[in-house]
Every structure is written in C-alpha cells, then in structure tokens.
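Residue numbers (the working numbering): 20 to 376.
For glycine and all other residues, C-beta sits at the position ideal for the given N, C-alpha and C.
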Amino acid sequence: MKTTFYHELTTTSLQDKLLSDACCEKILAGSDVELLPLLDAAYQVRKTYFQNEVQLHILNNAQNGYCPEDCGYCAQASSATTDIEAYPLKPDAEILEEAKRAYESGAYRYCIVMSGRGPSPKRVSHLAELIHTVKTRYPIEVCLSAGLIDIESAHTLKAAGLDRLNHNLNTSEAHYPNICSTHTYQDRMETLQAAQTVGIACCSGVIVGMGEGTDDLIQVAKSLRQLEVASLPVNFFLPISGTQLSETPTLTPDYCLRVLCLYRFLNPRAEIRVAAGREHHLRSMEVMALYPANSMFIDGYLNAEGSTASRTVEMIKDAGFTVKTNAEDVEQLNQDDIEKRDVLLKELKVLRPRMKS
Ligand code: SF4
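Structure below.
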C-alpha cells in the first residue's frame, strides 16, 4: 500500500471524518495494509490528543457473582458453572481502603465494578454515598460499572460526583443475541444514553473474539463514535471454562493491533484502553498496543489475572511513554519492585542436562 494511504488514515481521522466500511475492512484484513505504517498512522492521531501519556486504571470487583443475567462470556453469569468466589457488595470500609490503595499506586481512575442486571434505588443511594466519600478523600476519578441504569439513578450518581459510567456494548446489535438472551443491545444503549443526558462521561467498549465478524467490530466502533464515549476499553476475549463461550478465539497479535488502530481512527478523541486479554493475545507484541491505545488496566481484570502493576509501568517507561497519574510519587511508582528483580542464573541440571546428579 502506498504511503499516501497511511497518511490519509491519519488526516481523515484528525479531521473528524469517518473512514468508509471498505477502508475499515481493508485495515482488519491485513493483506495489503502493513502493520508498522498502520501503527504509526494511528500513533499520529493518539499523539495529537494524548501525547505520550498512558493512563492506568485499577478495577475493584466490589461484588462478584450473584448475577441473574446470562452473558455467555462472563464467569458471574447465572448460566456459568465456573468456580468463582462469589460475594455480595463489599463493606464500605473495604471499598474505601481499595480506593486509597488505587490512588497511592498511581491509578488515574478507580473503577468500582458490580455484577448484576442493575442496582435497586436503595443500592443507588448507597453507591452515591460511597462515591461522594471517595471523591472527598482522594483526588482520583471514579468510574462505576453497575449494569443497567435509568435516568433517575443517573441523576443521583451524577450529583454524588461520579465521573464516568462504564457499560460496554461488547458486540454489535446483530451479534448481540448470540452472546446474551436476558437483555438486549438496546437496553445497553439506553443506559449509556441516560448517563450522557445527565452529563456523566461514558466508558463503553467491545470484546473482540466472541465469534463476531469484522463487520460487527466496525459497527460497534461506529456506534461508540456516535455516543462520543470518553473512554473505550478494547477487550480481547479470554475464554473462561464453565461459561457458555468457552472456546479459545483464534486472535493473532497482528489482528489485535489492527483492531486497536481501527478503533483509534474511528474514535480519535476517546481514551482507548487496551483491556482484558492484552497479555494473552498480544503476547510479545503487547508494547505495540501503546501506539494506538493510551490507557491500560493494571493488576488484572474482573475474574482473570493480568500483569503486575510494576511490570506494566516498566513496559510503558521502556517504550518511552509516561504514566499519567494523580499520585504525587509517580517517579517512585512501584520502582522498588522493579529494582529488586535479580537475574536468575541457570542451575547445573539445566546447563548439563545429560549429567546425572
Ligand atoms: S457481564 Fe454483568 S450482567 Fe452480564 S452476567 Fe456478567 S455480571 Fe451479569
């Protein structure tokens, strides 16, 4: 592909114009479009809005399990037989302690995640008090993920100081019935619209690798653009045994990076977060995700572990990016952990495997 093609991707995106579906398909198909110039074209857009900064997020699974919904990818679904540690909403003191730790470890935003279809009015009042306390004590942004939310609940949470509401679209409208039967794509859209109406920024993203086609991924990216989401997590499906969708997808690092580039071109101003599955599916190419994406989770995901905070911070710094944080001691961020790591020397049985000891 000629260099003008890559240049046009950047300029089209920076001019807030849409790429055609045919162009999006070409990016994902990969045969004609080379990866390195594509990453550079996406990086030019990322750099315009976010320079070389990377935002780090920590998830707090405030309630695990007990969900009546049947999302086929989720270990907490009523239909899942996964052996997870279910617990009702954590006590306030525990959540506040975790918010403090998130702030001290350099997270820019603290995400409270609760399983379930959606909170009752009583639960919304409780969450509002909790959010107000976190915001009063720590200068950290708060994001809540609590299922379906109506307009009244959105008003209450906004008044408490909620910065963001997370509710992923996950997949396209056409593919949605294949991953969930207890709620619809439209239900999810309405939750995001309620947040938008009251002025809470929306965080909504996608899960790549649940049997969707490239057209589904393009449709989700374009819907998220219409919603003007502030934050866009791109998850790469991690199959968890016991869930309805437990087949491992055939995602290559090359394809995952193309998806991230496409999402950057279509959502130039959104904070694009490379989320669950980055370690598993990007493998040795993980660091390249920083060129289209400007945000990451540290310390794992909902029910799956991820890289440690120190390893993620090290990767970011090694690649010449900087961590955007509210913590005062950013230079010390997990540095102790990194410095303590010694080189491990090979043992004799590895050096001379045939020698009997
Ligand atoms: S994704 Fe949320 S709503 Fe769906 S099963 Fe899991 S916890 Fe329940």
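Between S314 and Q74, the C-beta spacing is below 8 Å. The Cβ-Cβ distance between V64 and S32 falls below 8 Å. Assignment of S223 by DSSP, reduced to helix, strand and coil, places it in the coil class. In this structure, L243 lies away from L236, with their beta-carbon atoms at least 8 Å apart.
Between the alpha carbons of S172 and L188 lies a distance of about 19 Å. For V306, the secondary structure class from DSSP, reduced to helix, strand or coil, is helix.
Taking the Cβ of C162 as the reference point, every heavy atom of the ligand SF4 lies at 7 Å or farther away. Here DSSP, grouped into helix, strand and coil, assigns L78 to strand.
Of the residues T203, A213 and H186, the one whose Cα lies closest to the Cα of A193 is T203.
Contact check for A165 against L146 passes: the beta carbons are separated by less than 8 Å.
Distances taken from the Cβ of E27 to the heavy atoms of the ligand SF4 include none shorter than 7 Å. Taking a 10 Å sphere around the C-beta of A294, we find 16 or more other C-beta atoms and assign the residue as buried. For Y62, the uninterrupted alpha helix (DSSP H) segment begins and ends at L54 to F69. Under the three-state reduction of DSSP, K109 is assigned to coil, being neither helix nor strand.
E209 and K21 have their alpha carbons spaced roughly 42 Å apart. Here P287 carries a coil assignment [DSSP, helix/strand/coil]. Contact residues of the ligand SF4 (beta-carbon closer than 7 Å to any heavy atom; chain order) are C86, E88, D89, C90, C93, Q95, A96, S134, G135, R136, G166 and C199. For M315, the uninterrupted beta strand (DSSP E) run begins and ends at S314 to I317, by DSSP. When only Cα atoms are considered, S98 and P138 end up about 20 Å apart. Pairing S134 with D89, the inter-Cα distance amounts to about 12 Å.
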